[in-house]
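Since the structure comes first, as structure tokens, the remarks are kept for the end.
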């Protein structure tokens, strides 16, 4: 698994895919961080969080959406997107130690 993925929080998609929050590089600043959003699906609407534990707290208790993807890239049948716990596409989630 890539170190860009958060190995602790697992999102279980209704179609059976397992997704993990992923860090993204901000092309403007060079910062590599988790991208979270309360609103829209744009960089402008998001906040960048570098701390994995803080990201987990915001996603699991404060209703933030998170960019997440499968281990497999989209080019190999994987999935990527902006997801919220409790939304229709995410049937449940697991927090691993």
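Numbering (the working numbering), first residue to last: 1229 to 1325. For glycine and all other residues, C-beta sits at the position ideal for the given N, C-alpha and C. Just so you know, these numbers come straight off a predicted model, no measurement behind them.
Which residues bound the alpha helix (DSSP H) around residue i?
i	result
residue 1253	Counting along the chain, residue 1253 falls outside any alpha helix (DSSP H), though it belongs to the beta strand (DSSP E) covering 1251-1253.
residue 1282	1280-1289
Look up residue i in the DSSP assignment and say whether it is helix, strand or coil.
i	result
residue 1271	helix
Roughly how far, in whole angstroms, is the beta-carbon of residue i from the beta-carbon of residue j, given that I think they are within contact range, below 8 Å?
i	j	result
residue 1252	residue 1319	The Cβ separation is near 25 Å, so there is no contact.
residue 1259	residue 1243	Going by Cβ atoms, the distance from residue 1259 to residue 1243 rounds to 32 Å, so no, they are not a contact pair.
residue 1287	residue 1247	Not a contact, Cβ separation roughly 12 Å.
Bridge partners of residue i, per DSSP?
i	result
residue 1407	Summary: the structure shown does not reach residue 1407, with the chain confined to residues 1229 through 1325, and so no result is reported for it.
residue 1226	For the chain, the structure presents residues 1229 to 1325; residue 1226 sits outside this window and is missing.
residue 1246	1240
Heavy atom of the ligand ZN less than 7 Å from the Cβ of residue i, yes or no?
i	result
residue 1300	The ligand ZN is not among the ligands present in this structure, which contains no ligands whatsoever.
Buried or exposed: residue i, going by 16 or more other Cβ atoms within 10 Å of its Cβ?
i	result
residue 1266	exposed
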